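Residue numbers (my numbering): 497 to 978.
Worksheet: the structure to be examined is printed underneath.
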């Protein structure tokens, strides 16, 4: 793509000032429209060193209401960033509905050593599918112009601090970076997130092209939003019955159990091993994610408690997941989970997870069929990135039958200190048992991957379930750490 760019383009329209004034007014109008419509906007700036990214960002934001945008300078990773999966620092900074987030450098810094092109394209697609307007600019200048600008910056007391040794090396290796950037642009230029290459030799020309592109993209987004009808919320799927015929859950042996004596002996041994492994996990800087799903009253809390009893509380976080609040609803549904993923050496234990999108949101109609169907791939991509970044991901489904659930519900109602655990919603959910079972089966079949397989826990016996969970966690940690 870059070899087709006329970098020396400098033609500036005679009515430049008048045109720019019009573009600025229109940008302000579109910002307000996008805010009222709840359209989130991400603007990415990449390009050669000294190509003017900072200058262009400063010029671009002039007509915008500063209360509605935020600029992120992402060139340097902080210590905290380095202790998380690579995409964490970007995923946690994605905008809420109606806001504009501008990135001076972005996830493209990881290409191709950390992120491959297909990973980037899928990452961007999950946001554009969710309604984000993603505008990507690449600022291009010649090697000669780059050196001229670096000399100018280095020669001034006010700007010399901005020129680093790597900038001079980038100029020396211009041809190498030209080829790498060209590959990046070709492989990540998609219909949903196209690149706009900006010939940045002349600042006026660059400003005109950038503002024009933004106005055009936002006008398209507003027009699309105005034409959009009411979302379809039918939760039924054509192939759901086929999944039930091949039910994963139907073959689970729920008669498995342990005697209290067996349980006590095994628990003591496993928790002792777990205590040592937790220390090693911290020393070796291995992050761990434990994800618990299951039927209401399936024993998630009891299993989690037996894991945490033997660990230093400073090294883990239990994350209970309830219905999303207003802030969480304004973001992509995975955003709130990215905010809780652990830094290296720590453990995050999720009591309910991101799988709510393909379970309760699917069954209750809180997500459209299009949304929950595409969630399978989005979840697989996210978990694959966690594992690739060194995180141990263990997923548990706490499985009980309908009779056992009813028994536990009644016990909770009859036990004063446990009555807070039972709600009218729990009883209502029983009426949709078959719908949930279909959703669970499809979830298992679509998201049990080599990197992050599902572990089905036979949980009619609480003692058996707690030990099996402990065994799986201990074995996974021992395999990695010892």
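For glycine and all other residues, C-beta sits at the position ideal for the given N, C-alpha and C.
Computed from a predicted model, the values in this text were never measured in an experiment.
Asked, Found
"For residue 692, does the three-state DSSP call read helix, strand or coil?", "strand"
"Which whole-angstrom value is the C-beta distance of residue 552 and residue 689, which I expect to be below 8 Å?", "Rounded, the Cβ-Cβ distance is 19 Å, inconsistent with contact."
"Give me the Cα-Cα distance between residue 857 and residue 674, rounded to the nearest whole angstrom.", "46 Å"
"Based on Cα-Cα distance, which residue from 700, 787, 794, 583 lies nearest to residue 850?", "787"
"Just checking my contact of residue 887 with residue 816 at CB under 8 Å: how many whole Å lie between their CB atoms?", "Not a contact, Cβ separation roughly 20 Å."
"Under the rule that 16 or more other beta-carbon atoms within 10 Å means buried, what is residue 622, buried or exposed?", "buried"
"Suppose you measure from the CA of residue 650 to the CA of residue 526; what does that come to, to the nearest Å?", "38 Å"
"For the segment 852-870 against the segment 798-813, do three or more pairs of beta-carbon atoms, one drawn from each stretch, fall closer than 8 Å, so that the two count as touching?", "no"
"Hey, out of 571, 707, 540, whose CA is closest to residue 590's CA?", "540"
"Taking the alpha-carbon of residue 951 as reference, which of 967, 959, 957 has the nearest alpha-carbon?", "967"
"What's the gap between the Cα of residue 654 and the Cα of residue 867?", "50 Å"
"Taking Cβ to Cβ, would you say residue 613 is nearer than 8 Å to residue 684?", "yes"
"To which residues of the same chain is residue 870 closer than 8 Å at the C-beta, ignoring the five residues directly before and after it?", "622, 625"
"Mark residue 732 as exposed unless 16 or more other C-beta atoms lie within 10 angstroms of its C-beta, in which case mark it buried.", "With a pLDDT of only 47 at residue 732, under 50, the local geometry of the prediction cannot be trusted, and the value read off the model is given with reservation. By the neighbour-count rule (16 or more Cβ atoms within 10 Å), residue 732 is not buried but exposed."
"Quick one: is residue 755 buried, meaning 16 or more other Cβ sit within 10 Å of its Cβ, or exposed?", "exposed"
"Considering only the alpha carbon of each residue, which of 923, 699, 909, 647 lies closest to residue 663?", "647"
"Apart from the five residues on each side of it in sequence, which residues of its chain come closer than 6 Å, Cβ to Cβ, to residue 545?", "663, 666"
"Roughly how many angstroms lie between the CA atoms of residue 556 and residue 599, to the nearest whole one?", "12 Å"
"Counting only the same chain and skipping the five closest in sequence on each side, list residues whose C-beta sits under 7 Å from that of residue 928.", "859"
"Within the segment 736-779, note down every full alpha helix (DSSP H) run reaching 4 residues or more, in order along the chain.", "736-741, 756-779"
"As an exercise, report each continuous beta strand (DSSP E) stretch of at least 3 residues that is fully enclosed by the segment 559-585, in chain order.", "565-569"
"I need the boundaries of the beta strand (DSSP E) containing residue 508, first residue and last residue.", "It is not in any beta strand (DSSP E) - residue 508 carries neither H nor E in the DSSP assignment."
"Pick helix, strand or coil for residue 591, following the three-state DSSP scheme.", "coil"
"Throw me the rounded Cβ distance for the residue 922 and residue 792 pair, which I believe falls under 8 Å.", "5 Å"
"Here's a check: name, in chain order, each residue in its chain whose Cβ is nearer than 7 Å to the Cβ of residue 549, leaving out the five neighbours to either side.", "541, 543, 600, 635"
"Which two residues bound the contiguous beta strand (DSSP E) that contains residue 813?", "812-816"
"How many Å lie between residue 933 and residue 846 at the Cα?", "21 Å"
"With the cut-off set at 8 Å, would you say residue 879 and residue 948 are in Cβ contact?", "yes"
"Going by beta carbon distance, what residues of the same chain come within less than 7 Å of residue 774, once the five residues before and after it are set aside?", "807, 808, 811"
"Check each candidate in 975, 917, 895 and name the one with the smallest Cα separation from residue 937.", "895"
"Can you list, in chain order, the residues of its chain whose CB lies under 8 Å from that of residue 721, leaving out five sequence neighbours each side?", "533, 535"
"Would the segment 824-836 and the segment 749-769 be scored as touching if the rule is three or more Cβ pairs under 8 Å?", "no"
"So what does DSSP say about residue 971, is it helix, strand or coil?", "helix"
"Can you grab the Cα-Cα spacing for the pair residue 652 / residue 569, in whole Å?", "23 Å"
"With a CB to CB cut of under 8 Å and the five nearest residues on each side skipped, what residues in its chain are close to residue 681?", "497, 498, 634, 691, 693"
"From the DSSP secondary-structure annotation, give me the bridge partner or partners of residue 951.", "892"
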